[in-house]
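J.:
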Amino acid sequence: MKINDLVSRGLPLLILAIAASTLVWAGVGIGGIAPASAYEVWLTDQSDTAKESGGFLYIYDGAALAANPAAAKPAVTIDLSGEINKFCEEATKKPVRRPHMLFFNKNQDHAILSFLSGHVLFMDAQTRKPEACLSMGKNVHAAWPTPDQKMAIAANIAEKKFIRIWTDYAANKFTFDPQKDVVNLAALESGEIPDASPICPITESSSRYAFVTLRGGGLLVFD
Numbered sequence: 006m007k008i009n010d011l012v013s014r015g016l017p018l019l020i021l022a023i024a025a026s027t028l029v030w031a032g033v034g035i036g037g038i039a040p041a042s043a044y045e046v047w048l049t050d051q052s053d054t055a056k057e058s059g060g061f062l063y064i065y066d067g068a069a070l071a072a073n074p075a076a077a078k079p080a081v082t083i084d085l086s087g088e089i090n091k092f093c094e095e096a097t098k099k100p101v102r103r104p105h106m107l108f109f110n111k112n113q114d115h116a117i118l119s120f121l122s123g124h125v126l127f128m129d130a131q132t133r134k135p136e137a138c139l140s141m142g143k144n145v146h147a148a149w150p151t152p153d154q155k156m157a158i159a160a161n162i163a164e165k166k167f168i169r170i171w172t173d174y175a176a177n178k179f180t181f182d183p184q185k186d187v188v189n190l191a192a193l194e195s196g197e198i199p200d201a202s203p204i205c206p207i208t209e210s211s212s213r214y215a216f217v218t219l220r221g222g223g224l225l226v227f228d
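Under my numbering, think of the first position of the sequence shown as 6, with each following residue one higher.
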């Protein structure tokens, strides 16, 4: 990955705290337009559900939630200290803790969930089963799936690393090379960039350029 541009003067720090994400199941509409026939709202709860581990994932029926938010109950509740934790511990040798940002890939058949513990979890959105669990290090704030569905880009705040994960959703294959796919942002720190800890990564529609906001203010643009 190459840094294409760097903007640091006068840019406010942008911090996103995404606790909810929406999954839309679409039908076939007129002229190829697909109206939403049903949708779900997925919420994360960072409370520990086991000793220094776990959390909850709540899945709501979208229509029921919209009709009466105060009375709506989750259609599905997943205690992340159970099957998910076992799956991730087997893969990474450490427990999951404090789920944070949650996104869906373009086809909306996979959910990508990031944890304070450094895990990035890929789940089948329909079966709610884990398919891969990778460790990004000490923590991971967010893992953003690119629109072309070939990558997910992750921000490790604690170790100031920007990480590229290669994604093949059809084959359920998710990998990264620590030597080629990890950028040490601490090496870029200077008077203009006092703190290069990455916060929120995102891409534009072509998936070529990645934009990463920094804790110390500013923005990195990667090719």
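Glycine included, C-beta positions come from ideal geometry on N, C-alpha and C. No experiment lies behind these values; they were computed from the predicted model shown.
1. Indicate the three-state DSSP secondary structure (helix, strand or coil) for E209 in the structure shown.
2. Decide yes or no for the touch test of the region 177 to 185 against the region 131 to 150: beta carbon pairs closer than 8 Å, at least 3 of them.
3. Along the beta strand (DSSP E) that carries E136, what are the first and last residues, could you check?
4. Does DSSP classify A130 as helix, strand or coil?
5. Secondary structure at K78, three-state DSSP: helix, strand or coil?
6. Are the beta-carbon atoms belonging to K155 and T172 less than 8 Å from one another?
7. Give me the Cα-Cα distance between A215 and K98, rounded to the nearest whole angstrom.
8. How far does the alpha helix (DSSP H) with T97 in it reach, from first residue to last?
9. Between the region 149 to 163 and the region 85 to 96, can you find at least three pairs of beta-carbon atoms closer than 8 Å?
10. Is there a Cβ from chain C that is less than 8 Å from the Cβ of P74?
11. Around the C-beta of G32, are 16 or more other C-beta atoms found within 10 angstroms, so that it is buried, or is it exposed?
12. Helix, strand or coil for G192? Go by DSSP, reduced to three states.
13. Go ahead and pull the three-state DSSP assignment for L70.
14. Could you give the DSSP three-state label for L85: helix, strand or coil?
15. How far does the beta strand (DSSP E) with R169 in it extend, from its first residue to its last?
16. Please work out which residues of its chain come closer than 7 Å, Cβ to Cβ, to E164, disregarding the five sequence neighbours upstream and downstream, and give them in chain order.
17. Pick helix, strand or coil for E45, following the three-state DSSP scheme.
18. According to DSSP, simplified to helix, strand and coil, what is N161?
T.: Judging by the given coordinates:
1. Counting from one through the sequence shown, the residue named residue 209 turns up at place 204. If DSSP states are grouped into helix, strand and coil, E209 belongs with coil.
2. yes
3. Taking the sequence shown and counting its residues from 1, the one referred to as residue 136 is at position 131. First-last of the beta strand (DSSP E) with E136: 135 to 140.
4. On the sequence shown, residue 130 is found 125 positions in, with the first residue counted as 1. Of the three classes helix, strand and coil, the one that applies to A130 here is coil, per DSSP.
5. As a first step, residue 78 is located in the sequence shown; it is residue number 73 there, counting from the start. In the structure shown, K78 sits in coil (DSSP, three-state: anything other than H, G, I, E or B).
6. Your numbering for residue 155 matches position 150 in the sequence shown. Your numbering for residue 172 matches position 167 in the sequence shown. A contact, by the Cβ cut-off of 8 Å.
7. Sequence index remark: in the sequence shown, residue 215 carries index 210 (1-based). Sequence index remark: in the sequence shown, residue 98 carries index 93 (1-based). One C-alpha to the other measures close to 30 Å.
8. Along the sequence shown, read from residue 1 onward, the residue named residue 97 stands at position 92. From DSSP, the alpha helix (DSSP H) with T97 extends over 88 to 97.
9. no
10. Here chain C cannot be found, since the structure has a single protein chain.
11. Locating residue 32 in the sequence shown gives position 27, where the first residue counts as 1. Note on G32: pLDDT 42, under 50, position unreliable in the model; the coordinate value appears next. It counts as exposed.
12. The residue labelled residue 192 in the question sits at position 187 within the sequence shown. Correcting the residue type first, residue 192 is Ala in the shown sequence and not Gly. A192: helix per DSSP, three-state reduction.
13. Within the sequence shown, the letter at position 65 stands for residue 70. Helix at L70.
14. In the sequence shown, counting from the first residue as 1, residue 85 sits at position 80. Here L85 sits in coil by DSSP.
15. One-based indexing of the sequence shown puts residue 169 at position 164. First-last of the beta strand (DSSP E) with R169: 166 to 173.
16. Here residue 164 corresponds to residue number 159 of the sequence shown, with the count starting at 1. Correct list, in chain order: G142, K143.
17. Position 40 of the sequence shown holds residue 45. E45 falls in the strand class under three-state DSSP.
18. Taking the sequence shown and counting its residues from 1, the one referred to as residue 161 is at position 156. DSSP places N161 in strand when its eight states are reduced to three.
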